[in-house]
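Numbered continuously in the numbering used here, the sequence shown closes out at residue 212. Think of the CB as a built atom: it goes at the ideal place given N, C-alpha and C, for glycine as much as any other residue.
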Amino acid sequence: MPIHKRQRDNAVHYTAVVRVVGQPVKSKTFRSHKDAKRWLDHEKGELAKGKKILESKARETTLGQMLPLYAEKVVAKRGRTSTSSRNSELSHVLQLAGTFLAERKVSEIDAEDIEAWLAQRRACTKKNGEAYADSTHGRALSVLASALNFSARELGIRSYRRINPCYGLDKGVRPAQSAVRQRNLREGEYAEFERQLALYQEGRFTDAYNFSIRCGLRRGEL
């Protein structure tokens, strides 16, 4: 925040300049260095007050208050080809909004909170009584980690810039990774598939479909 001395109209003028990252430059010119210094000190004080207000807001903001913003700014802007993934992430966000974590202040959420939340998730079952797969809990944990990272950036919480509490879980608590999916056709299915391909438009697409099956290509990759 410098004060520039300039000669103008046969007189000396002093321009005080305030620069804040992400904000337009603010400046004002005075006839004396003393007046420029007084204005600059006042602006510094106002910035300090604003910073304290923002810091207080960051400390008091709950995860539940940030989740709608996360859904709007992040989830809603996922790529057009990932509609299923986007809807899945949104469902996890909605589920988070109904847990005790939503009532917790973002700045205070720690690894113990994450472990308690995971324990509650694992205690829940599907409508048919079956337990949810660990991969489902893993996906929910990834969404929570992303939401916390987003909240930390939006609120300027320094403690989250180095480590996210979702990353500090013990291996025994963290959901296991999904097993490698097998997408090969069962015995007899491939022979029937080849027969049907030969009948369809005299086998025009046989080579392309054979290649896609052998490589295990997904629909989006096709």
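Determine, using beta carbons only, whether residue i and residue j come nearer to each other than 9 Å.
{"i": "residue 164", "j": "residue 134", "result": "no"}
{"i": "residue 155", "j": "residue 197", "result": "no"}
{"i": "residue 190", "j": "residue 136", "result": "no"}
{"i": "residue 96", "j": "residue 147", "result": "yes"}
{"i": "residue 125", "j": "residue 85", "result": "no"}
{"i": "residue 145", "j": "residue 51", "result": "yes"}
{"i": "residue 109", "j": "residue 54", "result": "no"}
State the beta-bridge partners of residue i as determined by DSSP.
{"i": "residue 121", "result": "115"}
{"i": "residue 95", "result": "52"}
Restricting to Cα atoms, I'd like to know which of the options is closest to residue i.
{"i": "residue 79", "options": "113, 128, 195 and 162", "result": "128"}
{"i": "residue 200", "options": "139, 55 and 183", "result": "183"}
{"i": "residue 90", "options": "116, 105 and 143", "result": "105"}
{"i": "residue 83", "options": "103, 102 and 62", "result": "62"}
{"i": "residue 64", "options": "93, 207, 108 and 140", "result": "140"}
{"i": "residue 103", "options": "188, 68, 159 and 75", "result": "159"}
{"i": "residue 107", "options": "116, 118, 117 and 88", "result": "88"}
{"i": "residue 142", "options": "195, -4, 161 and 56", "result": "56"}
Give every residue of the same chain whose Cβ lies closer than 8 Å to the Cβ of residue i, excluding the five residues on either side of it in the sequence, and list them in chain order.
{"i": "residue 180", "result": "203"}
{"i": "residue 49", "result": "95 and 97"}
{"i": "residue 112", "result": "121, 122 and 127"}
{"i": "residue 18", "result": "5, 6, 26 and 29"}
{"i": "residue 1", "result": "21"}
To which residues of the same chain is residue i closer than 6 Å at the C-beta, ignoring the five residues directly before and after it?
{"i": "residue 43", "result": "For residue 43, the pLDDT reaches just 49, beneath the cut-off of 50, and the residue's location in the model is therefore unreliable, leaving the point undetermined."}
Start-end ranges of the alpha helix (DSSP H) lying completely within the region 126 to 206, minimum 4 residues | 149 to 152, 179 to 189 and 196 to 205
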